[in-house]
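Have a look at the structure below, then the notes.
Residue numbers (UniProt numbering): 1 to 189.
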């Protein structure tokens, strides 16, 4: 009788171990590569992390893109993606800039990147929530809003034509992000 109970206990522990392993493996697969990415440092000479974005880069000024620079992306990077959005918009996150297909050798963007479909040796502009190609600066209806400039180093070419949306670009790079960085600026009206 003792041997029968002992076998049942061993079988119980083996089943529990196997189920636990399956759950951990499933969760690891669901997390994807994005949860294990390296960090890129992104900064601007126009404003500091958490600082005020100068009027020049907003709809109240010249509405031109700010200068940005970042650290070297990791080995294996085939392209870079830049997205700027405002999570404080009253109707949900508002997309201000979608730029993809940047060369991994690009380590900075000068201010005033042209609002054209293709720029910088083949990089492509997506459409922002102003329904325009290129950069659309901060233009909050009131109060202080945060603007996140997010840079992704990916191990693939994005493969989308100019005019893609933020969601289309993020779907195209899902599972391909090697490193990412973020710069947040604020603007008030």
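Glycine is no exception: its CB is placed at the ideal position from the N, C-alpha and C atoms.
From a predicted model like this one, the values you see are computed outputs, not experimental measurements.
In the DSSP assignment, find the unbroken alpha helix (DSSP H) run with residue i in it and report its ends.
{"i": "residue 169", "result": "166-173"}
So what does DSSP say about residue i, is it helix, strand or coil?
{"i": "residue 187", "result": "strand"}
{"i": "residue 22", "result": "With a pLDDT of 48 at residue 22, under the threshold of 50, the predicted position of this residue should be treated as unreliable, though the coordinate-derived value follows. Residue state, collapsed to three classes: helix."}
{"i": "residue 57", "result": "helix"}
{"i": "residue 177", "result": "strand"}
{"i": "residue 64", "result": "coil"}
{"i": "residue 42", "result": "strand"}
{"i": "residue 101", "result": "strand"}
{"i": "residue 83", "result": "strand"}
{"i": "residue 133", "result": "strand"}
{"i": "residue 160", "result": "coil"}
{"i": "residue 107", "result": "coil"}
Classify residue i as buried or exposed, calling it buried when 16 or more other Cβ atoms lie within 10 Å of its own Cβ.
{"i": "residue 44", "result": "buried"}
{"i": "residue 63", "result": "buried"}
{"i": "residue 171", "result": "exposed"}
{"i": "residue 138", "result": "buried"}
{"i": "residue 93", "result": "exposed"}
{"i": "residue 90", "result": "exposed"}
{"i": "residue 86", "result": "buried"}
{"i": "residue 128", "result": "buried"}
Could you check the C-alpha separation between residue i and residue j for me, to the nearest Å?
{"i": "residue 52", "j": "residue 156", "result": "34 Å"}
{"i": "residue 38", "j": "residue 176", "result": "12 Å"}
{"i": "residue 111", "j": "residue 189", "result": "22 Å"}
{"i": "residue 161", "j": "residue 141", "result": "31 Å"}
{"i": "residue 48", "j": "residue 159", "result": "33 Å"}
{"i": "residue 109", "j": "residue 67", "result": "6 Å"}
{"i": "residue 148", "j": "residue 135", "result": "13 Å"}
{"i": "residue 197", "j": "residue 185", "result": "Because the chain spans 1 through 189 in this model, residue 197 falls outside it and cannot be assessed."}
{"i": "residue 146", "j": "residue 75", "result": "31 Å"}
If I follow the unbroken beta strand (DSSP E) through residue i, where does it start and stop?
{"i": "residue 154", "result": "144-154"}
{"i": "residue 125", "result": "123-125"}
Is residue i near the ligand ATP, going by C-beta to nearest heavy atom under 7 Å?
{"i": "residue 43", "result": "In the structure on display, the ligand ATP does not appear, and there are no ligands present to speak of."}
Exercise for the section: Evaluate the contact criterion for the region 91-105 versus the region 63-79: three or more CB pairs, one atom per stretch, below 8 Å. Expected result: yes
Problem - Touch test, the region 117-128 against the region 147-155, Cβ-Cβ under 8 Å, three pairs minimum - result: no
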